[in-house]
Structure formats: C-alpha cells, structure tokens
Amino acid sequence: MTHKPDSYEHNMVLAQKQFRVLGTRPIRHDGVDKVTGRALYGADIDLSGLIHGAILRSPHAHARIVSIDTSAAEAMEGVLAVVTAADLGDSGDKMIDLGEGEQNLSFLRGNVLASGKALYKGHAVAGVAAASLHVAQEAVKRIRVEWEPLPAVTTTQQAMADGAPVLHDGLRTKELGKETDQTGNVAAHFRYDKGSPDEGFAQADVIVERSFDTATVHQGYIEPQNATALWNNDGRLQIWTSTQGSFVVRDTTAAILDIPVSQVKVTPMEIGGGFGGKIPVYLEPVAALLSKKTGRPVKLVMSRQDVFEATGPTPGSHIRVKMGATNDGRIVAAEAWMAYEAGAYPESFVVPGAMCVFACYDIDNIRVDGFDVVVNKPSTAAYRAPGATNAAFAAESVVDEIAEKLGVDPLDLRLKNAAKEGTRRADGVKFPRIGLVEVLEAMKAHPHYQTPLEGPHRGRGVAVGFWFNVGLESSCSISVNSDGTISLVEGSTDIGGTRTSIAMQAAEVLGISAEEVRPSVADTDSVGYTSVTGGSRVTFATGWAAHNAAQDVVAQMKERAAILWGVDAGAVEFADGTFRSGDNSLAFKELAKKLSETGGPVTGRATVHPKGVGGSFAGNIVDVEVDPETAKTKILRFTAFQDAGKAIHPSYVEGQMQGGSVQGIGWGLNEEYFMTDQGVMANSTLLDYRMPTALDLPMIDTCIIEVANPGHPFGVRGVGEASIVPPPGALANAIHNATGVRMSRLPMSPPRLMEAIWALESNPIAAD
Amino acid sequence: MFPAKFDYVRADSAADVGRLLAEHDDAKLLAGGHSLIPILKLRLAAPATLIDIGRIPELKGVSVEGGALRIGALTTHAELASSDDIRRQAPALAEAAAQIGDPAVRNRGTIGGNVAHADPASDLPAVLTALGATFHMTGPDGSRAVPAESFFEGMMMTALQDNELLTAVEVPCQAEGQASAYSKLPHPASRYAVIGAAVRLTVAEGRCTEARVVLGGLTPIPTRALAVEQALTGKPLDDRTLQAASAATADGLGDDLLGDIYASAEYRKAVAHVYVRRALAAAAGRLA
C-alpha cells in the first residue's frame, strides 16, 4: 500500500519546522494533459512542409568504412537529401561540457555520424530525408557501403587483453592523471588513495575478496529518441526534441555543427522518460543537416531497436572488491579494482562509481583503481546514479559476507561503520551533514525488519547506497497576475513532476497555494540558462531559483505596498501571505490587483549556481523466495528507505523511490544485453529484453527520511537517483540468505542462479 | 517496420476460400492475424496476397456432437477459455487458452491460426495432442481429417497443404474417470511457453489406465513423454507415483531441444519435470 497523506510523518529530523505548501500532495499541473493524451511528446510535432528522415546504421560491431555510395538513394523519387559524416566536417579534439562531465567534441561528432570506422552495431552512418517515411526507409537500403569488418571486443576483459583489437588509433591512456603514449582501449586509469590499505588489512581479523560482473542494461524509457529540425533561411536553427536538457541540446548541437549557440533555439517537448539517457544528442545534428540541405523541417524518430542498439545504455563492468574487518566489527581496510565499459567512446561513469563504491562507510584505509575502457558497444550514457549501482552490488555483497563471517546483524555492521558528517571519502571529499545513520536506524526499526521471515527457501537481504546529487545552474522568472496567481517560467524539462515541486517552493514563499502557480517549461530563447535535468538537481536547484525569484517578487511588492500606504518599503513586512505595516495589511492576492495603479506589472527573476549540494542515501530491505526447482526468484516484500532532505511533494518522492527500486530490481534479476560473438545485440526488442512489469513485483513500500540539507533554503537534497543503487546488492544478499549461494554476476536470472545452486550442491566448499 | 506490399481479398465462405486459393499464387490465409501480421512486419514473410477468412460464419463456434467437441477454426482463445462446454469437456484446453499472451491476443487470436502456424512455443499444440484432437481440413480434393499426433510435422510445419483450409478442431469429450490439466513456464515478456506440460489421465478402480503426457515449448513439435506415461500406467495416482513418474521427464526428450537467450536447452531440460509434476498433480486433484 502507498502511504496515505496522513500517515506521512513530517520532518523526522528537520525538527518542528512547519510549512503551508511543502510536504502536501497537490495534483500535478501537467496531469490533465498527460492523462487525457493531449500532452505533446517529441514525435507529436507537426510543421508545415514537414518531411521525414531515416538513418542508415552499421550492421557490424566494428568495421572500416571503405567507401559510401549514396547515388542510388539520391536518385530515388521522393528523396530530398542524404548526409554523411563528410557533411559534419572534422572538429579535432576539443572538450565541451554536456552538464554531467566533459566530452571530446570529435567523439560526439563521431557518435552522431560514423567517420572512417563504425564502432558498434547500430552506429549511424548516413541520414536520408524524403517526402515520406517509407521512401526514406527504402532509400536507406540503397546506400552502398563497402565495409571491411574488424574483430570486435564487447567486454572489458576482451578489450584490455594483450593484442586486443583497438577501437581508436589515436587513443592514449591517461595514467593517474597524466598523458602517456600507451595505446589500446583503456582511456584512463585513475586511483583514489586514503591511508594505507596494507596496514589496514594487517589489522583485519576477517578479509573477504570477491570478483563481480554486471551486464550492460538500458534505461528503458518508453519514448524513443526523436528530433525535428528546421534550419531557416535566416540561418537560425530551430529544434524540437524530448530531452533532459534543452540548453545541453542547444550547446552540443551548436558545437557539433560549429555554429554559435545564439543561432540555435531548442523547444523541449514533453518527455516520456529519460533516466539519464536523454542527455546526449543523437538525431538533432542529423535532422539539422538534412533540413539545411532541403530547406524543409525534418523529423527523425528512433525505433525501439535503434534505442537499444544506438543510444547509451549503462556500462557493463568487472569489479573486484576486498574488505577487511576486525572481530569487533570495525571495517579497517578496503580495496576496489573497477573496470567499466565506456562503449565506443571514452567516459564510462567509472569515476562516480569509484567515488561511490565505499562512500557509505567510514574506513581509514582505502585504495580504488578505476579503468575507463572502450568496447564495441553503443557509447554509454548516464543511468540514474550512473556508475554507483554496479559498485554497490559489489561492495554491499562483500559487506554482507563480512557480517556473516563475524556473526553480526548486517544493519548493525553498517551502522557501526556508517559514514557521517566529517567522514572523508576515498576521493578526498568530506561529507557535510548526511543522513545515512538515520536511514539505517529507520531500516532497523521498521516493522519489515522487525517481522521474522519464515518458511522454506526464503531469505532477507539489506543493502545501502549513495549518490552525490549535483547543483549546476538554473534560472526562473515569475510574473504576478492581477487575479493573485503567478506564472512561473523555468528551463528544467520535467521528467519527474518537477513543475509542481518547483511551483510549490514559490508558493511557499508567496503564501499562495500550489494551484495558484502556473508553471511552464520554456524554450531556450525564453528563459535563462538552465543546466540538464539530471543529478537529482531540479527540485534542489531550480526550486531554489523559484524560491529566490519569489523573494524578488516579495521585495518589489513591498515597495508597491509602501506606495499605497505612504510608508518606507523598509517598514513593510511580509509573512503568511500578507503584507503589513502598522495597522495596514494587504494579502498577496489583494495587492496583486493594485499593481497597475502602483507602477505596472511585477516580475521576479533569479538565477542560481548553488553549492551546498546534499548527497542522498538509500536503503532496501527485501524478502525473496527462490523456487528450488526452477531457481526463479520471487520478491515477497520490498521496502525502500531514502533520505530526501525536505520532501517537497511526498508522493513524487515516493514515486522516485519506487521507480528507482523497480529499475534496480530489473537490473538485479533480469535485464541484460545479450551480445553475440560478432558483437551484435541479440535481444533488441522489449519482448526479449526483460524489464520487470507489474506482474513481477510486489508493492514497493517506501519510508522517507528527512535529514534537512543545511545547504538549501528548504533543506532539499534531491531524490531522483539514489533509490536505484541498493536493489541488486540487497537482492543478492537475500538470495544468499535463501539459498546459500553468493551471486557474483548480474543479472541473477533463473538459469544463472540454477547453475550456481548446482555448483554449490556438487561442491559446497569450492562454491562458497 | 511496415510489411512488404500485398494484395488483400476477403472470403465469404469456406468454398470461397478454395476458389481464392486457386486464383492466387503465393497467398496466405489471415484469421486473427496475431502470428501472421508480426511475421509480415518483420518481413520474415512477404506473401503476394492475404485472403481474409476472419468473417466466415461456418468456421466459428463450439458445439458438442456425438461425444466430441467441434471447435470452429475461427474460435478465439478468449472463447475457448470461457466456453462452458470446453471447460467441462476439455478443461486443459480452457486452462491453456486462458494463459495465452494477454487479453488483446486472446480476443483476436484463433485456434485454427494457432495450430496452422505451429509455433513450438505455442500452448495449444501440446494440449490438443494430449487430448487426442483431430484436425479437419478441406482442399481441392475434398475434406480430410488428421489426428494431432501426425498433424505437427516440424517447427512451423504441419500436414496442412498450401491449398487447404483448416475448418475445425475436434476434441473428444472428457470420459468418466478422466481429467486433464496444463502447466507452463511462460516467457516473462511474451507469455509464450518456455515449457508447457499438458496431461490427460484416465482412472478406473483407483488405478491409472491411460496417461497422455505431452510437452511443448522445449521441443520443435509436441512430444509425448512416454517414460512418464509408462511410469503412471497401472498405478494409483498418489504423490509418490506422480513424483517418480515426473522425474522421468527428461528421458526420451532427446537432444533436439530448443533454447534461447532467456532459457537455454539445458535449463529447460533440467526443470521440465517440475511442470509435468504440477500438471499431473492438478489433473489427479480433479479426479479425487
């Protein structure tokens, strides 16, 4: 069951601070449009003279492009333009920031249209625009590409082996921060050191060392990528797309096409899920080039197969974790060796993975080695706390085994070693006020943990996880309407109900209701720069901008009240939605009617680039039953805990927690890219790529913990990502508790678990 | 993807189908379309003509005639699952039909289309084999009937000729002392049978006089588990017998087993006995 509004406990740790709007559950502003089907998503756009495009994609995982002959396609009736990498030109190496880290422009261009070589099956090679989609699709087949197939590598082990086929001739390994001459597929090797692991392990009474593998999985958003572009006669480029960051699309597309950002206007459409996967651009520059050649607006929409094969999934990984503890339950040393698949181009999210792997624990001696490895798979993209879930599966399995060997409760072991304010992470960052201890205490006290699990083949597991969250830049403006409502314009595309969580923060400041705010997400010409919707940042940072813009409105309206009352603006106070000075008082709504007579409209504005980001911790308790005959894992009960800071809209916090949990469960139990020996994905349909459905899951129960983030005016931390981190580890621990088997590989699908059970039965010692 | 171009014609009667089949080379019959249309969209098939048989009244409906169910080829899975006659006279068939795909598939897909397509992952071929069904078809040389055990010839291959129309499926009514059941491991996304086990048990004086145990999903065509049947025959159907008999499932399955990325052939072979035992237990429970 979901928590009823009245069962939600306000401000567990935020003390007694009461709010009027924050913590309530108003209906979302975009709800009616979405449930009635009127909301316009990317593919819904229609424009006068619109034509359609299709993309030719590489059939090979790794192949040299000897030649491309587009003449037969161009000769087809109805075909209006064909573009290839030759139309993009060569950018050379140049680093640009996409919002979640820097990227090399030549790699971005190469991913948009392959130049010289195709680096994965599905790699875009050419684009066609035609009067109809059918003609465009037929024309794609008439483009003749002469291929020279090359051997492919699809795992870090293959890619790092001596003599492995090399993806990028020019790639040199960055070794511990320094450029080297080392060629191969390792883009970077980095290391975090803290204390002395050797001395730490020497003190340890128990040491556990294990290797883990995780499969490539996809974010699985419902709406495929899409882009419509119109390159107008005045040189202005307009783009309509569904994206997590309209300014990211603007800036990246401008960089790829080598035009000024001021020449590009991006209108964000409604977005049918992103989870990190809708930050990179794939189609926008191709649609733009096709529009430039034809003078017509061009629409490109991916198929599901394209989404699987040509957009960024999350990296598969190979991780070794070693941890040591003393008999009194103190973890004294930890080491990790982590290699993540970047896909075809560097940047695999191994860096955040390495920052997160031991972030939940206060350990004096740590060494983490990270390897960013290119392989012949689609270039990876962010996926909800990118890098952290792989790492937590490994670390939380090892922590669980240490608890088992020490004979202590797994939550007690975690509590004893929990990171807290002042704990220094392996990457050197010192934690501000964080809520891990409160999360663990809530888990221990929860009825789920207090209720014994009975019955054969059943087991309980716990795990915790961390995600940083980010701040970045946001802009917001507010216009006061004469009826006492406000119109709020912001630049964060709404993938999780953030129109409402932002509006609520403005409403709280102004003393009006959430319904009296009209929020809208504007195009890049109509709102100040706003970074990507990602890193769990929007309610935190754009909400902060709304808070500040509302305060700007309050300051201006104090001046208007002062004019009406003939007093100094400094003598006007504002509290609980009412302006007061001496015996004079006017409610916000009343004063809003008098703006015309006191100088004209009032608009407030604010931009922020906040520090004070508060990381978020999540925990799971999960009960499973493993059918001993089929090795199918059934989840009996699942409770998700998370420190949200102030939960602005508890229903959306719970929704984020449930959504992240479900994706983590899919990652843990079923989801996987099956790659053939030729490097081709064998299950690029939703029938064969198994995401959990309602039939596979119990109710995901939620428990919000609110440890206020001191760095935000309302104590917000951001909640979108941490919930995906613990589920695979918690499930692995529950499966071990049920069967005695420690799973070292994701997903823990029935055939794989069956093999592990057989191995344990035939040789209990070796399998342990 | 869009299907390749095809012509469309609609037949009004079974006789009309014969005429249209004679007129059109390279034609496929379209009933519910839930196997054919996906294949067309994947361009695994590109017939020149589709002959729509979906509105022929004489191919619809369920009746009981002379100790047998006569099920029109156009009867949908939803109709199979909800027909009182089928639930009474062939419970395993209703049980299997209720587990096919999802409601949309069950409301459109037909028994005739299902068996004519002969997908090894389909549920009905194994059930109809276990129940001793007979398939009726008409062609240029008149009508003929083929028992289920010789109808399925290979993966997606049947005794039905290109110029023939499957008109009805005949299933013997459940006799005194008989019970049937179906148990499956569904593919978690498509709901197709990864393993399907269909059984019909006959009991007289407390002992099993006949057992028909048929596996689908993991074999190219419905396959009788003869070792299981032998282990049951002549015995009282207690838990020990069912357990011992189902343990013999893998014997005689041979090596020509299907596997895919979701479940390997080894995995299917290893767990098939579970579904056989569950089906046997369900049928035995109905006799008790």
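Taken in order, these protein sequences are the chains called A and B. Going by the working numbering, the first residue of the first sequence is number -19, and it counts up by one from there. Going by the working numbering, the first residue of the second sequence is number 24, and it counts up by one from there. Ideal Cβ positions, reconstructed from N, Cα and C, are used throughout, including at glycine. As the structure is a prediction and not an experimental result, all values here were calculated from the model.
Between the CA atoms of residue j and residue i - distance to the nearest angstrom
i, j, result
"alanine 212/B", "proline 707/A", "21 Å"
"threonine 465/A", "glutamate 634/A", "28 Å"
"leucine 386/A", "lysine 357/A", "41 Å"
"valine 705/A", "arginine 405/A", "18 Å"
"alanine 307/B", "arginine 131/B", "32 Å"
"leucine 270/A", "alanine 109/A", "6 Å"
"isoleucine 25/A", "valine 602/A", "43 Å"
"isoleucine 76/A", "methionine 318/A", "26 Å"
"methionine 728/A", "isoleucine 343/A", "29 Å"
"glycine 323/A", "valine 355/A", "5 Å"
"phenylalanine 568/A", "glycine 491/A", "7 Å"
"tyrosine 429/A", "alanine 710/A", "13 Å"
"isoleucine 299/A", "glutamine 658/A", "24 Å"
"serine 377/A", "arginine 722/A", "8 Å"
"alanine 27/B", "leucine 52/B", "16 Å"
"serine 242/A", "glycine 225/A", "16 Å"
CB contact flag (residue i, residue j, <8 Å)
i, j, result
"isoleucine 35/A", "valine 278/A", "no"
"alanine 749/A", "phenylalanine 446/A", "The structure shown does not extend to residue 749/A, since chain A is modelled only from -19 to 748, so the question has no answer here."
"arginine 438/A", "glycine 698/A", "no"
"glycine 150/B", "alanine 202/B", "The question names glycine, but residue 150/B in the sequence shown is valine. Result no, Cβ atoms of valine 150/B and alanine 202/B do not sit closer than 8 Å."
"proline 177/A", "arginine 310/A", "no"
"alanine 302/B", "valine 217/B", "no"
"alanine 443/A", "asparagine 717/A", "no"
"serine 328/A", "valine 301/A", "no"
"valine 63/A", "lysine 273/A", "yes"
"tyrosine 21/A", "methionine 249/A", "yes"
"histidine 40/A", "alanine 98/A", "yes"
"glutamate 609/A", "valine 294/B", "yes"
"glutamine 199/A", "alanine 209/A", "no"
"glycine 451/A", "tyrosine 632/A", "no"
"threonine 133/B", "glycine 55/B", "yes"
"serine 459/A", "proline 581/A", "yes"
"valine 588/A", "asparagine 650/A", "no"
"lysine 245/A", "threonine 619/A", "no"
"phenylalanine -1/A", "histidine 169/A", "no"
For residue i, three-class secondary structure by DSSP
i, result
"glutamate 577/A", "helix"
"glycine 394/A", "The sequence given here places arginine at residue 394/A; glycine does not occur at that position. Arginine 394/A: helix per DSSP, three-state reduction."
"asparagine 91/A", "helix"
"glutamate 735/A", "helix"
"aspartate 251/B", "Reading the sequence as shown, one finds valine at residue 251/B and not aspartate. Looking at valine 251/B - three-state DSSP - the assignment turns out to be helix."
"phenylalanine 170/A", "strand"
"methionine 655/A", "strand"
"serine 269/B", "helix"
"glycine 333/A", "helix"
"leucine 649/A", "helix"
"arginine 78/B", "coil"
"leucine 468/A", "strand"
"aspartate 261/B", "coil"
"isoleucine 62/B", "helix"
"methionine 637/A", "helix"
"glutamine 112/B", "helix"
"proline 129/A", "strand"
"aspartate 676/A", "helix"
"serine 596/A", "strand"
"glutamine 531/A", "helix"
Bridge partners - residue i, DSSP secondary structure assignment
i, result
"proline 170/B", "Thr157/B"
"leucine 92/B", "Val87/B and Val194/B"
"aspartate 349/A", "Arg171/A and Trp317/A"
"histidine 32/A", "Ala110/A and Lys279/A"
"methionine 75/A", "Asn84/A"
Exercise. Which full runs of the alpha helix (DSSP H) of 4+ residues lie inside the stretch 211 to 243 of chain A, going along the chain?
Worked result: 226 to 237
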